[in-house]
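Working notes for the structure below.
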Ligand SMILES: [Zn+2]
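Numbering (my numbering), first residue to last: 713 to 1061.
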């Protein structure tokens, strides 16, 4: 893939990375949203993960990479004093609304604040088995069409001509790649490398791995096994497993076994089977030797007796229920049951 480095931030980022190469490197993983699926519960933000990397002198925050940006991403970023202008790169696992709704907000504010261009990395267009095209490029190209159409872009630009005429879409360098069965480098700069692999959920779904001298983080997204339903060895993705081998951290969407189709919830089987079970994620984390498993995009959310339109059999789940499901797999690393703004630092202090 062509390395189309965003020129406006290039010098700044390279300088930061050069500095961090000499200082003690560190990174911080922050969940910017943990809602599982399109609904919303109790103010949870939509799925997304911020990885900040740098050194102790800058609170591990010299460069900031955002993976997915669901509803409310800007609000969560604001709570940790991060503005959209500070994001260096954005990666999308797939173009479902619960992972992308917040991106228009992020890009609109970045445009308003006259932030520099930013690379948005995602899969090339792909057609689903039913013939629907999933197009990240189209999504980004039209991300602010409504604001263009009703006149806000032109009006605000008349107030400050430094704002780009095309609005937020003009700020994005969309860099696409063809997801493959084996990890491929889709981004690198300085001592940061991002690899991707094809994974199953919807067409064009991809999972990522970020490697830095401070550690490595896998962002599984909503990946599940290529086999769409049992019988199968496990619900997790074999490709994500290859990607995650030896990684320090796995951040992954999670469904609890309590929603299984024959358990009385009424939750649709296809939706259930295209997510990874907490128990299987624990088993995968054990196989690949991961130290930290961060469960996010929880289905069901903690503390609710309803998931979307369906009852949770036995009532609302607590953190301990997810932890129990993971530990049943024999995983002995650290499990973090994700809540908005949960963080993990590497190396630990
Ligand atoms: Zn999702």
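We treat Cβ as the ideally placed atom computed from N, Cα and C, and that holds for glycine.
Hey, would you say the C-beta of residue 975 is under 8 Å away from at least one heavy atom of ligand 1?
Start at 1 with the first residue of the chain shown, and residue 975 comes out as number 263. Checking the Cβ of residue 975 against ligand 1 gives no.
Among all the DSSP beta bridges, which residues are the ones paired with residue 846?
Residue mapping note: residue 846 aligns to position 134 of the chain shown, counting from 1. 838.
Should residue 862 be labelled buried (16 or more other beta-carbon atoms within 10 Å of its own) or exposed?
To locate residue 862, count along the chain shown from 1; it is residue 150. By the 16-neighbour rule on beta-carbons within 10 angstroms, residue 862 is exposed.
Tell me which same chain residues have a C-beta within less than 8 Å of the C-beta of residue 893, skipping the five on either side of it?
Here residue 893 is taken as the residue at index 181 of the chain shown, counted from 1. The residues are 909, 910, 951.
Terminal residues of the beta strand (DSSP E) in which residue 865 lies
For this step, residue 865 is matched to residue 153 along the chain shown. It is not in any beta strand (DSSP E) - residue 865 instead sits in the alpha helix (DSSP H) that spans 864 to 871.
Please list the terminal residues of the continuous beta strand (DSSP E) segment that includes residue 884.
Taking the chain shown and counting its residues from 1, the one referred to as residue 884 is at position 172. 884 to 889 is the span of the beta strand (DSSP E), which, as asked, contains residue 884.
CA-to-CA distance, residue 810 to residue 782, given in whole angstroms
On the chain shown, position 70 is the one that residue 782 refers to. On the chain shown, position 98 is the one that residue 810 refers to. For residue 782 and residue 810, the distance between alpha carbons rounds to 5 Å.
Which partner residues of residue 1067 appear in the DSSP bridge assignment?
Given that the chain is displayed from residue 713 to residue 1061, the structure contains no residue 1067 and the question cannot be resolved.
Per-residue DSSP class, three states only, for residue 981
If you number the chain shown from 1, residue 981 lands on position 269. Helix.
Give every residue of the same chain whose Cβ lies closer than 6 Å to the Cβ of residue 766, excluding the five residues on either side of it in the sequence, and list them in chain order.
In the chain shown, counting from the first residue as 1, residue 766 sits at position 54. The residues are 732, 772, 773, 774.
Neighbouring residues (CB closer than 7 Å to any heavy atom of ligand 1):
748, 749, 759, 808, 810, 811, 934, 965, 1009
Can you name, in chain order, every residue of its own chain whose Cβ lies under 8 Å from the Cβ of residue 1044, other than the five neighbours on each side?
By one-based count along the chain shown, residue 1044 stands at place 332. Residues of the same chain with a CB within less than 8 Å of the CB of residue 1044, apart from the 5 flanking positions on each side, are 998 in chain order.
Classify residue 810 as helix, strand or coil using the three-state DSSP reduction.
Here the question's residue 810 lines up with position 98 in the chain shown. Three-state result, residue 810: helix.
Under 7 Å Cβ to Cβ from residue 955, same chain only, skipping five residues before and after it: list those, please.
Locating residue 955 in the chain shown gives position 243, where the first residue counts as 1. Excluding sequence neighbours, residue 955 sits near 895, 907, 909, 919, 921, 930.
Have a look at residue 858 and residue 835 and give me their C-alpha separation to the nearest angstrom.
By one-based count along the chain shown, residue 858 stands at place 146. By one-based count along the chain shown, residue 835 stands at place 123. Roughly 24 Å between the two C-alpha positions.
How would you label residue 1056, buried or exposed, when you count the other beta carbons within 10 angstroms and need 16 or more for buried?
Position 344 of the chain shown, counting from 1, holds the residue named residue 1056. Counting Cβ neighbours within 10 Å, residue 1056 comes out buried, since at least 16 surround it.
Compute the distance between the beta-carbons of residue 1047 and residue 1005, then report whether it is under 9 Å.
Residue numbering aside, residue 1047 sits at position 335 when the chain shown is read from its first letter. Residue numbering aside, residue 1005 sits at position 293 when the chain shown is read from its first letter. For residue 1047 and residue 1005, yes; Cβs fall inside 9 Å.
Which residue's Cα is closest to the Cα of residue 817: 786, 805, 1039?
The residue you call residue 817 lines up with position 105 of the chain shown. Ranking 786, 805, 1039 by Cα distance to residue 817 puts 786 first.
With three or more C-beta pairs closer than 8 Å as the rule, is the region 797 to 811 touching the region 932 to 939?
yes
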